[in-house]
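Residue numbers (our numbering): 18 to 508. The beta-carbon is built from N, C-alpha and C at its ideal position, and this holds for glycine as well. The structure presented is a predicted model; accordingly, all values stated were derived computationally and were not measured. What follows is a short report on a single structure.
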């Protein structure tokens, strides 16, 4: 194996970047700011997609696909939306290349300028709502529940694999409703879907809340979010769900005839998660030896490594392993048998530890004689020798235990790193010495929020949905406050 990973305590950022590359998840591409997601990394994303897609369909949503390009005029129709994305937009101005007259490859043909520039989608509200105008005429057409799996472009100069890249993969839901109440219910329902996915699949505890006016999505009336805490004490926004009100319906003149025959603007929502979840998965659970993957999202849940001295021993071990594999696959467990003789068992152990495979089985000739197998779990790095009889059931229970254990460890970390403060002095001390989530009173004004951000680089991550009413004073302004909000420095 190559030299050891940097440690989290020495350089968290370098540890993360090196882990993403060495675990074969992704790498930087020839296009600045963009990444190549490698097969192992993409297989984790596919598992995420599959689970989320099933959850979307269970709640009545259908998949569709909309254009990558958005006419510039569309972005001009909703003022706050265009203002929010203007600095991140990639713009297509020409539609043709030609050979350079000087013989230096190709150049943009100046005669092929587009009449109207096209924006490479940073998000699809505008192009989708322009389409909904043709799809919606009557209350019978509502609710319209659509999801899209796609790529988007938000021009970034300072990038980090998975966390912030110029192009990334995501899903974006866009729904239309006949009433505000129905749209708000949809917004909250999808927040719950995201929270369930994060906690039950990613083993990632999250705080559900509402964004402040400063932090909400451009063009939304309200933005709901899930916030997670990474091991370096920084927050990461793991998913958002937006109540759009009638803003986009008004901008694109999307009306429906209600049961009384009256024309009304529809009410909208949008919601999304992206490959940023891959970054969250890595940073929340992994250690100085490599990835730690929750079994539900691990491409390989069990790896079996034979330990042998000759071909005869290998043949006998392989015969037994084939039986184990059949039993595991019947239970829906993904398993790999690594009998590649190009690498020694020690090398393989280190490789699968780096890649975060939840369970490793090692079987030698003596194990075969004794009817046992060595079982190692990645999360705790513990090993035990167990009987081969009933091994599939044992492994199935072990995987469930590992999934729960990883979640509980992350939850305990969050609880240990959530601090309640009452003064700005306390706030700064915790922020600089400990980090994590800080629960503090805020006076509700954007002005105070901006000043705290300018002075500390901490933002209000959300107003928790479960925040209790309590009288207090803002840590910065001293003005009255009725509930605590979650502050943190964030990705």
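Distance from residue 94 to residue 268 at the Cβ level is roughly 4 Å; contact confirmed, criterion being Cβ atoms closer than 8 Å. In the three-state reduction of the DSSP assignment, residue 413 falls in the helix class, which pools H, G and I. The continuous stretches of alpha helix (DSSP H) do not include residue 116, which lies in the beta strand (DSSP E) extending over residues 114 to 116. Residue 90 holds the alpha-carbon nearest to the alpha-carbon of residue 147 among 90, 202, 168, 158. Around the beta-carbon of residue 225, 16 or more other beta-carbon atoms lie within 10 Å, marking it buried.
If you look at residue 187, you'll find it in the beta strand (DSSP E) that goes 184 to 194. The C-beta separation of residue 451 from residue 436 comes to about 7 Å, placing the pair in contact by the 8 Å criterion. Scanning its chain for C-beta atoms nearer than 7 Å, with the 5 sequence neighbours on each side dropped, one finds around residue 105 the residues 139, 171, 172, in chain order. Relative to residue 62, the option among 315, 79, 417, 335 whose CA is nearest is 315.
Under DSSP, residue 288 takes part in a beta bridge, and its partners are 190, 258.
Where residue 350 is concerned, there is no enclosing beta strand (DSSP E), because DSSP gives it neither an H nor an E. Cβ-Cβ distances below 8 Å link residue 261 to 142, 200, 236, 237, 238, 284, 285, 286, 287 in the same chain, with the five nearest sequence neighbours on each side left out; the list follows chain order. Beyond the five residues adjoining it in sequence on each side, residue 38 comes within less than 7 Å, by CB distance, of 44 in the same chain, given in chain order. Annotated three-state conformation of residue 78 is coil, per DSSP. Contact fails between the stretch 65 to 75 and the stretch 44 to 54, because fewer than three Cβ pairs, one in each stretch, are under 8 Å apart.
As the crow flies, the alpha-carbon of residue 136 is around 9 Å from that of residue 110. Taking a C-beta distance under 8 Å as the contact criterion, residue 488 and residue 499 qualify as a contact pair. In this structure, the beta-carbon distance from residue 505 to residue 461 does not fall below 8 Å.
Residue 241 sits buried, since 16 or more C-beta atoms from the chains shown fall within 10 Å of its C-beta. Secondary structure at residue 130: strand, using DSSP grouped into helix, strand and coil. Taking a 10 Å sphere around the C-beta of residue 223, we find 16 or more other C-beta atoms and assign the residue as buried. The closest CA to that of residue 318, considering only 293, 179, 341, 374, is found on 374. Using a Cβ distance threshold of 8 Å, residue 221 and residue 507 do not count as a contacting pair. For the pair of segments examined, the stretch 71 to 78 was found to touch the stretch 202 to 212: the number of CB pairs separated by less than 8 Å reaches three. Taking the CA atoms as reference points, residue 424 sits about 7 Å from residue 216. For the beta strand (DSSP E) assignment, the uninterrupted runs of no fewer than 3 residues enclosed by the stretch 206 to 283 are, from N- to C-terminal side, 224 to 227, 239 to 246, 252 to 262, 272 to 274, 280 to 282. Straight-line spacing of the CA atoms in residue 26 and residue 324 works out to 35 Å. Within the stretch 377 to 444, the alpha helix (DSSP H) runs of at least 4 residues that lie entirely inside it are, in chain order, 382 to 387, 408 to 433.
DSSP places residue 311 in the coil class of the three-state scheme, outside both helix and strand. CA-CA distance, residue 193 to residue 212, rounds to 22 Å.
A direct Cα-to-Cα measurement between residue 341 and residue 387 gives close to 16 Å. Assignment of alpha helix (DSSP H) within the stretch 33 to 115, counting only whole runs of 4 or more residues, yields 56 to 75, 89 to 92, 96 to 102 in chain order. Counting only the Cα atoms, residue 161 lies some 14 Å from residue 82. Proximity to residue 96 across 364, 355, 265 peaks at 265, based on C-alpha coordinates. Beta-bridge analysis with DSSP links residue 501 to 458.
Of 181, 188, 275, the smallest CA-CA separation from residue 164 is found for 188.
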